[in-house]
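Asks:
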Amino acid sequence: MSEAPNSANESGRFMDVFHMDLKFLVVLFTCIGESGEVTVSSYPKPPFPKREIIKFKQPFMDRPAVMYGIKMIDSAYNKNTRADVKLLWVRPEAFSILMKSAYDSHLYGLGVSWMACL
54 MSEAPNSANE SGRFMDVFHM DLKFLVVLFT CIGESGEVTV SSYPKPPFPK
104 REIIKFKQPF MDRPAVMYGI KMIDSAYNKN TRADVKLLWV RPEAFSILMK
154 SAYDSHLYGL GVSWMACL
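When we follow the numbering used here, the leftmost residue of the sequence shown carries the number 54, and every step to the right adds one.
1) On a Cα-Cα basis, can you pick out the residue from 155, 156 and 140 that is closest to residue 149?
2) Name the one or two DSSP bridge partners that residue 118 has.
3) Relative to the C-alpha of residue 110, which candidate in 96, 89 and 94 has its C-alpha closest?
4) What's the gap between the Cα of residue 146 and the Cα of residue 100?
5) Might you give, ordered along the chain, the residues of its own chain that have their beta carbon closer than 7 Å to the beta carbon of residue 155, omitting 5 neighbours on each side?
6) Cβ of residue 164 within 8 Å of Cβ of residue 132?
7) Pull up the distance between the alpha-carbon of residue 86 and that of residue 169, whole angstroms please.
8) Let's see if you can read the secondary structure: which residues bound the beta strand (DSSP E) around residue 104?
9) Count the other C-beta atoms from every protein chain shown that fall within 10 angstroms of the C-beta of residue 160, then say buried if there are 16 or more, exposed otherwise.
10) Just checking my contact of residue 143 with residue 117 at CB under 8 Å: how many whole Å lie between their CB atoms?
11) Looking only at its chain, what residues have a beta carbon closer than 6 Å to the beta carbon of residue 112, apart from the 5 residues adjacent to it on each side?
12) Could you name the residues of the same chain whose beta carbon sits closer than 8 Å to that of residue 126, not counting the 5 residues immediately before and after it, in chain order?
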């Protein structure tokens, strides 16, 4: 004998899913983030090492996490290509990175993409 659908159970499951979706939307819309790019280049004299301070359009309420990666490298064709990018400090209003060539590499340009989020 099959049971009739229990509308109270179905309603309860719907509310659980709705509540989970609502939590996700709250987290999604309250996550504050910003992203951008920094490019430094010069030829024929390499501009490295170079410190850059990136100011956020809107200061964060607390110190954000910053993720970054090398986007572009312009190097001498007859030398090894090695770059070094380091995050020096992070504050709610800005952060600083150090971009430099590593060892005997000759870099003429280096681009970095970054993303900051609470």
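Beta carbons: idealized from backbone N, C-alpha and C, even for Gly.
Replies: Once the coordinates are examined:
1) The residue labelled residue 149 in the question sits at position 96 within the sequence shown. Among 155, 156 and 140, the Cα nearest to that of residue 149 belongs to 140.
2) Numbered from 1 along the sequence shown, position 65 holds the residue referred to as residue 118. 170.
3) As a position in the sequence shown, residue 110 is number 57, starting the count at 1. Looking at the Cα atoms, 89 is the closest of the given residues.
4) As a working mapping, residue 146 is identified with position 93 in the sequence shown. As a working mapping, residue 100 is identified with position 47 in the sequence shown. Each residue's alpha carbon lies about 26 Å from the other.
5) On the sequence shown, position 102 is the one that residue 155 refers to. So the list reads 135, 136 and 137, once near-sequence residues are dropped.
6) Against the sequence shown, residue 164 aligns to sequence position 111. Against the sequence shown, residue 132 aligns to sequence position 79. No, these two residues do not count as a Cβ contact at 8 Å.
7) What you label residue 86 is simply residue 33 of the sequence shown in a count that begins at 1. What you label residue 169 is simply residue 116 of the sequence shown in a count that begins at 1. Taking the straight line joining both Cα atoms gives about 5 Å.
8) Against the sequence shown, residue 104 aligns to sequence position 51. Unbroken beta strand (DSSP E) run through residue 104: 103-108.
9) Locating residue 160 in the sequence shown gives position 107, counting from the first residue. Per the 10 Å Cβ criterion, buried.
10) Position 90 of the sequence shown, counted from the start, is the residue given in the question as residue 143. Position 64 of the sequence shown, counted from the start, is the residue given in the question as residue 117. Contact flag correct, Cβ pair sits at about 7 Å.
11) The sequence position of residue 112 within the sequence shown is 59, counting from 1. Answer for residue 112: 145 and 146, listed in chain order.
12) Residue mapping note: residue 126 aligns to position 73 of the sequence shown, counting from 1. So the list reads 134, 136, 160, 162, 163 and 164, once near-sequence residues are dropped.
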